[in-house]
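Engineer:
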Amino acid sequence: MNPFENILSAVRQKRPLVHFITNYVTVNDCANMTLALGGSPIMADDLCEVEQIVGHCSALVLNIGTLSERTVQSMLAAGKEANRLGRPVVFDPVGVGASRFRNETAAMLLREVRFDVIKGNISEIAYLAEGIGTTKGVDANLDALSTEGNLRWHTDLARKVSTQTGAAIVISGPIDIVADSHEAWAIRNGHPMMANITGTGCMSAGVIGCCVGADPQALLPSCVCAMSAMGICGELAYEKLLSVDGGSGTYRVLLMDAMSKLDGATLTRRSKAERLRI
Amino acid sequence: MNPFENILSAVRQKRPLVHFITNYVTVNDCANMTLALGGSPIMADDLCEVEQIVGHCSALVLNIGTLSERTVQSMLAAGKEANRLGRPVVFDPVGVGASRFRNETAAMLLREVRFDVIKGNISEIAYLAEGIGTTKGVDANLDALSTEGNLRWHTDLARKVSTQTGAAIVISGPIDIVADSHEAWAIRNGHPMMANITGTGCMSAGVIGCCVGADPQALLPSCVCAMSAMGICGELAYEKLLSVDGGSGTYRVLLMDAMSKLDGATLTRRSKAERLRI
Amino acid sequence: MNPFENILSAVRQKRPLVHFITNYVTVNDCANMTLALGGSPIMADDLCEVEQIVGHCSALVLNIGTLSERTVQSMLAAGKEANRLGRPVVFDPVGVGASRFRNETAAMLLREVRFDVIKGNISEIAYLAEGIGTTKGVDANLDALSTEGNLRWHTDLARKVSTQTGAAIVISGPIDIVADSHEAWAIRNGHPMMANITGTGCMSAGVIGCCVGADPQALLPSCVCAMSAMGICGELAYEKLLSVDGGSGTYRVLLMDAMSKLDGATLTRRSKAERLRI
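Chains as they are written, first to last, in the working numbering: chain A, 303 to 580; chain B, 303 to 580; chain C, 303 to 580.
1. Just to confirm before moving on: does the CB-CB distance between glutamate 307 (chain B) and threonine 570 (chain B) stay below 8 Å?
2. For alanine 560 (chain C), return the contacting residues in chain A, with the cut-off set at a CB-CB distance below 9 Å.
3. Per DSSP, isoleucine 420 (chain A) forms a beta bridge with which residues?
4. When DSSP labels each residue in this structure, what does proline 343 (chain A) get in the three-state scheme?
5. Could you pull the DSSP bridge partners for alanine 575 (chain A) from this structure?
6. How many Å lie between arginine 386 (chain A) and alanine 469 (chain B) at the Cα?
7. Would you list the one or two residues that DSSP bridges to asparagine 365 (chain C)?
8. Going by DSSP, which residues form a beta bridge with isoleucine 309 (chain C)?
9. Under DSSP, the beta strand (DSSP E) around isoleucine 479 (chain A) begins and ends at which residues?
10. Looking at the strands, I want to know which residues DSSP matches up with phenylalanine 322 (chain C).
11. Compare the C-beta of tyrosine 540 (chain C) with all C-beta atoms of chain A and state if any pair is closer than 8 Å.
12. If you draw a straight line from the alpha carbon of tryptophan 487 (chain A) to that of alanine 575 (chain A), how long is it in whole angstroms?
13. Pull out every residue of the stretch 314-348 of chain B whose Cβ sits closer than 8 Å to any Cβ of chain A, in chain order.
14. Valine 352 (chain C): buried (16+ other C-beta within 10 angstroms of its C-beta) or exposed?
15. Leucine 337 (chain C): which of C:Ile471, C:Asp348, C:His321, C:Cys350 sits nearest, CA to CA?
16. The alpha helix (DSSP H) that contains methionine 496 (chain B), what's its start and end?
17. Does the Cβ-Cβ distance between isoleucine 499 (chain C) and serine 550 (chain C) come in under 8 Å?
18. With a threshold of 7 Å on Cβ separation, who are the neighbours of alanine 583 (chain B) within its own chain once the five nearest residues in sequence on each side are excluded?
19. Check whether the stretch 313-320 of chain A touches the stretch 329-348 of chain A, counting contact only when three or more Cβ pairs, one atom from each stretch, lie closer than 8 Å.
20. So, helix, strand or coil for valine 440 (chain B), using DSSP?
21. Would glycine 367 (chain C) and glycine 397 (chain C) be called neighbours here (beta carbons separated by less than 8 Å)?
22. Between leucine 544 (chain B) and valine 419 (chain B), which are expected to be in contact by the criterion C-beta below 8 Å, what is the C-beta distance as a whole number of angstroms?
23. Below 8 Å on the Cβ atoms is my guess for serine 524 (chain B) versus isoleucine 309 (chain B); work out the distance and round it to an integer in Å.
24. Under a three-way DSSP split, which group does proline 518 (chain A) fall into?
25. For proline 390 (chain A), count the other beta carbons within 10 Å of its own beta carbon; 16 or more makes it buried, fewer makes it exposed. Which is it?
26. Pull up the distance between the alpha-carbon of serine 376 (chain B) and that of glutamate 485 (chain C), whole angstroms please.
27. Please list, in chain order, the chain B residues whose beta carbon lies closer than 7 Å to that of cysteine 350 (chain A).
28. Quick one: is isoleucine 499 (chain C) near chain B, going by C-beta distance under 8 Å?
29. Should methionine 505 (chain A) and cysteine 332 (chain A) be called a contact, given that it needs their Cβ atoms to be closer than 8 Å?
30. Helix, strand or coil: how does DSSP classify cysteine 525 (chain C) here?
31. Is serine 448 (chain B) helix, strand or coil by DSSP?
32. Listing by chain order, which chain B residues have their CB less than 7 Å from the CB of lysine 574 (chain A)?
33. Kindly give me the distance between the Cβ atoms of methionine 529 (chain A) and isoleucine 489 (chain A), rounded to whole angstroms, as I take these residues to be in contact under 8 Å.
34. Under 8 Å between the Cβ atoms of threonine 465 (chain A) and serine 483 (chain A)?
35. Along the chain, where does the alpha helix (DSSP H) that runs through aspartate 559 (chain A) open and close?
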């Protein structure tokens with residue numbers, strides 16, 4: 303069996319419980335996508351309970367969209383406890399670069415918590431890499447999205463951030479990049495329609511959380527599997543969308559459908575994940 | 303007319319305004335399900351206004367998913383005010399057993415507020431019953447879900463909690479149980495697919511809120527009606543899902559559709575609510 | 303090209319970034335509707351960052367559903383900063399009249415922030431106008447919704463509030479009214495089914511935010527365009543709903559679909575916006 307099929311099977315057999323401290327915009331989508339993949343979500347963000355909750359979980363996902371002073375403390379406490387317990391932690395630095403508050407929170411979390419995976423668009427990852435750069439809201443700077451032309455540069459960036467942080471780095475874009483200091487992958491799945499609905503990035507982080515929760519030893523393959531799965535679902539949803547003449551509302555529904563029906567054979571057959579020479 | 307048809311009619315004629323203090327994961331689903339049934343939702347959670355808001359309402363629903371220190375105080379104030387005004391209060395102790403914070407909040411609310419209905423899965427109700435037990439996240443311990451084999455035990459548990467609290471008790475599961483100290487019902491409606499989307503439990507509490515808001519004198523029939531309605535909608539949605547070859551995203555949409563189109567005749571014809579000998 | 307087509311084109315070319323401080327019930331719908339129209343949403347509500355975030359944005363939308371003491375301060379700071387920068391600010395006084403907290407917050411914001419657009423149902427706008435009146439939850443007092451019979455009275459009210467506040471006033475209802483002190487419009491688009499799902503009002507405010515963000519000089523035409531577009535999408539969604547035999551869940555999806563597929567020609571052809579003699 304293909305390694306991605308193994309990871310998908312592991313999620314569906316183990317049903318990893320994934321703890322999210324995340325924004326209130328896409329939180330429902332994250333919960334439903336986690337269930338669609340085969341995991342089990344729990345959202346809890348109060349300092350009074352996050353350490354206990356993470357103790358029940360197989361992975362922790364921290365997402366700084368709609369950050370507040372209250373949840374910064376919860377993220378810190380949950381992250382430290384997950385580290386102590388050896389549970390994988392996924393960081394989604396949504397909109398870092400857009401405000402000092404997000405920048406300082408991201409910097410503090412990077413200092414205090416050991417992340418296993420950091421996922422962002424190119425401007426977010428570039429911001430973390432350079433301590434510079436700007437982010438227009440939570441969307442990527444469209445000029446700089448990862449494509450064939452800048453794949454080498456973005457991959458090098460991902461490797462640099464991985465070396466700095468010890469985390470596997472995921473850069474989402476037309477081509478998704480997954481890299482650590484030793485190894486890099488390009489995933490050419492997905493569809494531009496995914497940018498027309500909110501939350502595909504947040505959902506991707508949840509899918510990564512499920513995969514690394516099911517098999518924490520296989521960080522890089524889990525990330526490649528997760529991004530392939532999301533991208534393939536984006537393609538399948540678009541194919542179905544054409545047949546029903548729908549728009550962005552239907553697309554969002556079909557994306558969830560695709561994940562809940564994704565099987566290992568389809569994942570293997572359609573995956574356009576390629577290991578890069580570095 | 304069947305008593306359940308009467309309750310459904312009452313909701314649609316009176317359009318009860320239902321006040322929710324609930325989690326931000328499924329809050330949109332709760333609002334839309336309330337509207338689909340025929341009620342009118344209002345979500346308000348700040349201590350500055352919850353007492354006034356509950357004063358406009360026919361029922362109050364308290365749900366402790368994504369609880370925070372801030373909303374604990376709001377739940378307490380709203381619950382006490384609803385008691386003072388004689389408005390029915392529904393309690394959904396989401397994830398109780400998973401953290402001291404949830405446990406202590408549930409215990410405090412049970413001490414300070416008189417609940418008319420308490421709805422949970424078996425592990426949540428068992429926790430309340432015993433002051434012991436564990437909850438894996440917000441999902442039920444799958445081994446213990448209410449089925450034919452443990453129906454007697456779970457019904458006795460519900461009756462015990464009802465005696466302790468004075469509330470009608472609803473245990474959701476493959477078989478839903480509704481009981482007070484005098485009377486018990488088993489509802490064999492529903493579909494396993496309901497567990498594949500987030501929020502069916504929260505939505506059920508909202509449906510209960512609408513039914514008891516429309517007819518506060520008929521607590522037990524209202525709960526039986528609400529759980530039957532939800533279960534039947536879960537079945538109808540699954541039947542339609544098969545015809546469109548959809549997944550969990552479509553299922554969620556069809557569940558809402560089913561409630562918005564549910565009529566009294568279908569409710570009566572399909573209800574598998576059975577009064578148990580106790 | 304019709305002026306409404308120009309505004310729709312402007313949104314799709316400029317992709318205005320719209321900052322929302324809004325309730326957690328319909329926030330996902332607001333984000334997806336903004337994307338469906340062609341804008342780009344950013345939700346941020348912490349006092350630590352709202353001023354910086356609004357600095358990146360073309361418009362600000364303040365919505366007081368699920369208001370908290372924390373977000374009141376954020377709304378004030380963001381509103382003042384938007385004023386300072388000359389960015390249009392849209393105010394959606396959800397549920398004003400239902401609690402002192404909402405009333406005092408609305409009054410304070412009206413005192414401290416210069417709004418470019420205020421959008422509400424008739425009871426909300428009447429409350430602002432009179433400092434009296436009552437609001438049943440977040441839904442309009444059904445007896446008083448704007449129809450042919452009270453169109454003159456409601457238009458006069460809108461003009462009065464516009465004179466008091468300097469803002470363009472939008473009253474949503476079976477007939478939508480858009481007015482300032484010089485000019486008034488009636489928009490006879492929309493469908494009653496829009497009231498059966500939560501968030502159509504909040505989404506309308508987001509659509510207004512996109513339109514005024516794309517062309518801040520054309521406030522009144524932008525509001526008329528936005529309300530026409532929402533109403534037309536409500537009609538298109540209902541027409542499609544009939545063909546698929548769906549309910550309120552499907553309707554919500556189709557509403558989003560319709561906006562994502564709306565073209566200028568359809569907007570012009572179907573718009574029932576009429577300038578009123580005043």
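Note that the Cβ used here is the ideal one computed from N, Cα and C, for glycine as well.
Structural biologist: So, from the data block:
1. yes
2. Listed along chain A are Gly549, Gly551, each with a C-beta nearer than 9 Å to that of alanine 560 (chain C).
3. For isoleucine 420 (chain A), which the question treats as bridged, DSSP gives the partners A:Phe393, A:Ile471.
4. The answer is strand: DSSP assigns proline 343 (chain A) an E or B state.
5. A:Ile489
6. So the two alpha carbons sit approximately 42 Å from each other.
7. C:Asp394
8. Note: isoleucine 309 (chain C) is not bridge-paired with any residue in the DSSP secondary-structure output.
9. Counting along the chain, the unbroken beta strand (DSSP E) around isoleucine 479 (chain A) starts and ends at 478-481.
10. C:Met345, C:Val363
11. The beta-carbon of tyrosine 540 (chain C) is placed no less than 8 Å from the nearest beta-carbon of chain A.
12. 7 Å
13. Asn325, Tyr326, Val327, Thr328, Asn330, Asp331
14. buried
15. Closest option to leucine 337 (chain C), Cα to Cα, is C:His321.
16. Per DSSP, methionine 496 (chain B) belongs to no alpha helix (DSSP H) and is neither H nor E.
17. yes
18. Only positions 303 to 580 of chain B appear in this structure, which leaves residue 583 (chain B) out of reach.
19. yes
20. The predicted model places valine 440 (chain B) with a pLDDT of 42, which falls under 50 and marks its position as unreliable; any figure quoted below should be read in that light. In this structure, valine 440 (chain B) counts as coil in the three-state DSSP scheme.
21. yes
22. That pair is no contact at about 33 Å.
23. 6 Å
24. Coil, per DSSP.
25. buried
26. 44 Å
27. Glu371, Phe403
28. Chain B contact via Cβ: present.
29. Going by beta carbons, methionine 505 (chain A) and cysteine 332 (chain A) fall inside the 8 Å limit.
30. helix
31. Assigned with DSSP and collapsed to three states, serine 448 (chain B) falls in coil, not helix or strand.
32. Those do not exist, as lysine 574 (chain A) stays about 22 Å from chain B at its closest Cβ, beyond 7 Å.
33. 5 Å
34. yes
35. 550-563
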